[in-house]
Structures are given as structure tokens and as C-alpha cells.
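As numbered in our numbering, residues 2 to 461 make up the sequence shown, in order.
All residues carry an ideal CB built from backbone N, CA and C; glycine is no exception.
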Amino acid sequence: MDTKITIPKDKKIHFIGIGGCSMSGLAQILAANGYAVTGSDMKESAFTRQLDQKGIPVTFGHDEKNVHGAGLVVYTAAIKPYNPEYAYAAAHEIPMLERSKLLGLISSQYQRVACISGCHGKTTITSMLALIMQHSEEDCTVHVGGMVDFLSGGVKVGTNDAFITEACEYVRSFLTLHPTHVLVNNIDDDHLDCYRDINDIFDTFVEFIQKLGQNGILLLNQSDTLAYRLKDYAPCRIVTYNDGPASDWYLDSPEFNELGCGSGTVVCRGEKLGTLELTVPGLHNLRNALAATAFAREVFGVDVDISIRALKDYRLAGRRFELIGERDGVRVFHDYAHHPSEIAACLEAASLVPHHKLWVVFQCNSYTRARTLKDKYAQCFGNADEVLMPDIYPGRDTDTQGIHARDVVAAINSNSCSCMYIPTFQGIKDYLLKNWKPGDIVMTLGSGDINKQQMIFFKD
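(1) Within 10 angstroms of the Cβ of residue 56, are there 16 or more other Cβ atoms? Answer buried if so, exposed if not.
(2) Note down the Cα distance separating residue 318 from residue 344, rounded to an integer number of angstroms.
(3) Let me make sure I understand the geometry here. Which of 324, 18, 395, 356 has the alpha-carbon closest to that of residue 455?
(4) Check residue 253 in the structure and name its three-state DSSP category.
(5) Alpha carbon to alpha carbon, how far is residue 81 from residue 147? Give it in angstroms, no decimals.
(6) Our contact map puts residue 134 next to residue 165 with C-beta atoms below 8 Å; I'd like the distance itself, whole angstroms only.
(7) Scan the region 191-260 and note each continuous beta strand (DSSP E) run of 3 residues or more that stays entirely inside, going in chain order.
(8) Just mark residue 289 as buried or exposed, buried being the case when its beta carbon has 16 or more other beta carbons within 10 Å.
(9) Compute the Euclidean distance between the alpha carbons of residue 415 and residue 312, then round it to the nearest angstrom.
(10) Taking 8 Å as the limit between beta carbons, can you name the residues of its chain near residue 284, skipping five residues before and five after?
(11) How far does the beta strand (DSSP E) with residue 14 in it extend, from its first residue to its last?
(12) Is residue 116 helix, strand or coil by DSSP?
(13) Within a Cβ cutoff of 8 Å, which residues of the same chain sit near residue 207, ignoring the five residues on either side of it in sequence?
(14) If you compare alpha carbons, which of 27, 127, 406, 35 is closest to residue 106?
(15) Say whether chain C places a C-beta atom closer than 7 Å to the C-beta of residue 96.
(16) Could you say which of 185, 274, 84, 383 lies nearest to residue 119 if we only look at CA atoms?
(17) Residue 273 bridges to which residues according to DSSP?
(18) Could you check where the alpha helix (DSSP H) with residue 48 kicks off and where it finishes?
(19) Please report the straight-line C-alpha distance between residue 320 and residue 282, rounded to a whole angstrom.
(20) I need the DSSP call for residue 332, collapsed to helix, strand or coil.
(21) With residue 373 as the anchor, note down where its alpha helix (DSSP H) starts and where it stops.
(22) With C-beta atoms as the reference, is residue 67 less than 7 Å away from residue 45?
(23) Using only the alpha-carbon positions, how far apart do residue 201 and residue 407 sit?
Below, the structure is given as C-alpha cells:
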């Protein structure tokens with residue numbers, strides 16, 4: 002990367018909240034390009050340990066002295082103005098950038114910027130594409146919004162002129178990017194804390210794809226109604242996938258083995274190009290693999306054979322159908338799924354995994370989602386045998402908005418399957434230990450702190 006960021010290399014760039022996946026990845030990209038980088042966070046994590054291994058100093062706790070001598074301060078949206086490091090930088094007129102704006106600035110330094118967008122599936126498709134590119138001759142820089150085993154984190158710093166990044170629609174942050182090629186997997190009614198309604202979300206995706214130039218490529222999931230509608234607003238060539246022979250790319254005769262892992266013949270414009278086989282479960286992941294394969298071919302010219310070989314070894318990113326452990330002959334999996342569409346897809350995949358009873362522990366993340374999506378939550382647990390729901394994780398919300406976990410539980414009971422409100426994870430553990438049987442599986446679902454709370458299930 003021939004960077005144009007106008008920060009003298011004798012001054013450090015300091016990251017407030019460096020322990021997140023994206024922040025730590027951006028820090029590594031800058032450090033690899035010769036910048037002195039430091040950071041701070043409240044606690045140690047896998048990402049801070051990786052930064053330490055790469056020689057990037059991280060301080061735990063926030064103190065204004067951490068910012069002394071910085072030529073640029075980068076912060077996340079979660080950092081408040083009263084944070085001592087933020088306040089010091091503002092008072093001393095040190096240049097500051099919010100994380101998404103730095104990502105956009107970095108993207109502007111590359112000739113080819115491939116953005117993977119959509120309300121669901123971004124991290125999986127981006128990590129699949131990263132694995133494909135690792136097997137090809139393209140040494141791209143990659144930025145993924147999750148922990149990826151083969152990257153030992155969420156970033157890979159390459160040497161060529163290509164940048165592949167997950168493009169997140171939350172608070173319209175993807176509008177900071179400078180895309181040359183875009184994939185849109187779906188458009189759904191998520192993040193209604195910062196969007197007016199689904200039309201507002203769609204209009205923002207229109208604004209995003211219209212950043213493409215005439216020579217760009219826009220890949221659209223033709224089976225998603227709103228994503229496919231973007232074709233009417235595209236300034237560039239359109240490639241479609243997923244909707245059978247009507248699409249440029251589709252999977253013929255998808256099948257699933259006894260573990261729920263899928264395979265199918267990749268077809269491009271009527272030509273059969275080989276059989277895609279995965280070792281991760283679910284139709285949605287098979288379709289994600291098709292999207293990555295099509296994007297790699299259309300944008301980077303990677304042979305489908307290379308994608309097929311690469312994806313045979315694919316393992317899902319962290320918090321994506323992740324096996325957490327086993328107790329009493331019961332396997333416990335966790336998935337980040339928190340929107341009804343994601344939950345339905347995840348439980349469809351879970352239903353393919355051999356089991357006696359499928360338990361679900363669902364932690365709703367935010368009162369806003371509980372209120373706006375309650376009716377959809379009522380419909381998405383059909384593949385579960387029993388759902389257990391603790392109190393709502395407030396997330397960014399400070400107002401309960403008149404909604405309670407009991408309201409969501411009642412809706413699920415009326416429409417989908419048996420659901421029980423148990424306020425605490427200790428209570429859920431006690432209930433499971435009394436009622437689960439060997440051969441059952443448990444899916445814990447949610448984007449809050451359920452990934453930490455669930456560990457109580459394995460403690461005596």
C-alpha cells in the first residue's frame with residue numbers, strides 16, 4: 002500500500018479501544034506500513050495478545066498519558082467524549098478519526114477495493130473469500146469483522162493493490178468506503194435503532210452501490226428481493242447468484258451429509274464447473290460459499306477449481322456455529338445469530354446435525370430489536386424443540402421501551418415452539434442439567450455477552 006495518510010511517521014497513531022476485531026486489524030495494517038502504533042483497552046483479549054505478538058504496545062485502562070505524542074487518535078463509536086484519552090485529544094487538537102472513517106481512508110489507498118455487504122453473512126463470505134485468495138496468487142490485504150482461525154485474527158496484510166473488506170451497514174459506516182466492486186448478500190430490517198425503517202436501509206444500500214464506477218462489478222443475491230432490486234440503481238455490470246438457472250451463478254442439486262454439511266455443483270451461465278463441498282453445516286453456508294466463489298472468479302479471475310479446493314478446508318469464523326464444549330453427552334454450540342432471519346437459517350442448519358432434542362438458549366440483544374422484531378422472533382424458532390430465554394441484553398439501549406423478555410417468550414409460545422423465560426444463566430444451567438439427555442444439542446444464540454455467560458454451563 003502506497004499510503005497517503007498524512008501522519009508523520011515520527012508520531013504515533015493511538016487507538017482507543019484497540020481490543021476489538023476491526024480496530025486491532027486496522028492497527029496491524031498501519032503498523033505493517035511503517036507507522037508507530039499504540040493502543041489501549043479495558044481488558045486483555047485474543048486480539049490484544051495478537052497485537053503484543055506483533056510488537057504493537059497495548060495499555061490496559063484509559064489514561065490521557067497514553068495519548069501524549071500522538072499524531073492521530075482513532076476511536077470506536079462506543080467511546081464517549083468523557084473518555085480521558087478522547088477528551089485529552091480533543092482538548093489538545095490532536096487529529097481524530099472514528100474507526101469506520103479510518104477504514105474508509107485505508108480503502109482509498111488501494112486500486113481494487115472489494116466490499117462484502119449485506120445484513121447477514123458478511124463475515125462468513127469475507128472469510129471464505131480470504132481463504133480462496135490465500136490459495137490463489139493474489140496477495141490481497143483482507144479485513145474481516147470476526148476472529149478467523151487461518152488468519153489468526155481478522156486481518157491479513159498483503160502486498161498487492163487489492164483490499165477486501167467486510168462492509169457494515171450499521172450507522173451507515175460503509176459509506177466511508179471507496180469500493181470498486183461490491184457484493185450484496187441481503188437487505189433486512191436490522192439496526193432499527195439507527196434506521197427509520199426498511200426503506201431507509203434500502204436507500205442507504207442504493208447510496209453505497211452508487212459509489213461504484215462504470216467498470217465496477219456488483220454481485221447481487223437474486224433470491225433476496227431487496228438485494229436484487231438494487232439492479233435498478235447500479236451504475237455498473239451486474240452479476241447474480243443463488244436463484245437457480247435464472248441467476249448467473251447457482252448450485253445444482255445441493256445435498257447434505259449425515260452431519261448437515263452441504264455439497265452442490267457450481268453452475269455459471271449454464272456451464273457446470275465442479276462440485277463444491279463444505280465441512281460446515283447448513284444451506285446458508287453453502288450459498289455463502291457460492292457467493293465467495295462467484296466473487297473470486299468475477300472480480301479476481303480465480304479459477305473455480307481453486308475455490309473448491311480452498312473451501313474444502315474452510316472453518317467458520319468465531320461465533321459462527323462454533324462448538325463450545327460437551328457435558329453429559331450434550332454438545333453445546335454457539336452462533337452470533339441475533340436477527341430472526343439469521344436464527345432461522347442457523348436452526349435449519351442445526352436441525353441437520355444428528356441429535357435427539359434441539360435446545361436453544363436465545364439472548365435477545367437490545368430492547369430495540371425485541372420491540373421492533375418481536376413478531377418475527379415469534380416465527381423463527383420452528384426447528385427448535387425448546388427455547389430458553391434470559392433477560393434482554395440491553396446493548397446500546399438505555400431505555401427498555403416498554404418491552405420485556407416475557408413478551409418475546411409469549412410471542413414464541415403462541416407461534417413457534419415451547420419457550421420458557423428464565424431470567425439468569427445460572428437458572429438456565431440448572432434447568433438444562435435437570436432436563437437434557439445424552440445426544441441432545443444446545444444452540445446458544447445472540448450477539449450480546451451470551452458467548453461469555455454460556456461458559457457457566459460447563460462449571461460444577
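From the atom records:
(1) exposed
(2) 17 Å
(3) Taking only the C-alpha atoms, the option nearest residue 455 is 324.
(4) strand
(5) Computed Cα separation, rounded: 24 Å.
(6) 7 Å
(7) 218-222, 238-242, 250-257
(8) It is buried - the Cβ of residue 289 has at least 16 other Cβ atoms within 10 Å.
(9) 40 Å
(10) 255, 257, 263, 346, 349, 350
(11) Segment 13-17, the beta strand (DSSP E) holding residue 14.
(12) strand
(13) 231, 234
(14) 27
(15) Reference to chain C is not applicable here, since this structure consists of a single protein chain.
(16) The residue among 185, 274, 84, 383 with its C-alpha nearest the C-alpha of residue 119 is 185.
(17) 268
(18) 47-54
(19) 14 Å
(20) strand
(21) 368-378
(22) no
(23) Cα to Cα, residue 201 sits roughly 30 Å from residue 407.
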